[in-house]
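Let me begin by presenting the structure, written as structure tokens, before commenting on it.
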Amino acid sequence: MSGCWIYGESTIKEVHIVKSNFKAGSGDYEDEALIREEQYGEFYGIRIDAYPNNAPFHGRSNENLSEAKEYVSNVSVL
């Protein structure tokens, strides 16, 4: 799913919600297992700017499309 954010009525940023079957873990032994370990399933990541590109996901991996859309609607990127 793709759309755009408009800042100051003149700056446009592309926003893309991308479905994935993988969520990378932090790998940090001090984190709880849910954050530390890699997970497999259905996730929705958010990418800012032109897609495809090598930019990292922005924010978190969401567990459903509705959650991802809500996150994009309520967050701004500087």
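For the sequence shown, our numbering gives the first residue as 1100, with consecutive numbering after it. Where is the CB? At the ideal position from N, CA and C, for every residue including glycine.
message: In whole angstroms, give me the CA-to-CA distance for Ala1167 and Ser1109.
response: Taking the straight line joining both Cα atoms gives about 25 Å.
Alpha carbon of Gly1102 to alpha carbon of Tyr1128, nearest angstrom: 37 Å
task: Kindly identify the DSSP beta-bridge partner or partners of Gly1102.
output: Looking at the DSSP output, Gly1102 bridges to Val1114.
Proximal residues to Tyr1150 (C-beta, below 6 Å), its chain only, five neighbours per side dropped: His1115
query: Is the Cβ-Cβ distance between Gly1144 and Ser1160 less than 7 Å?
result: The answer is yes: Cβ separation under 7 Å.
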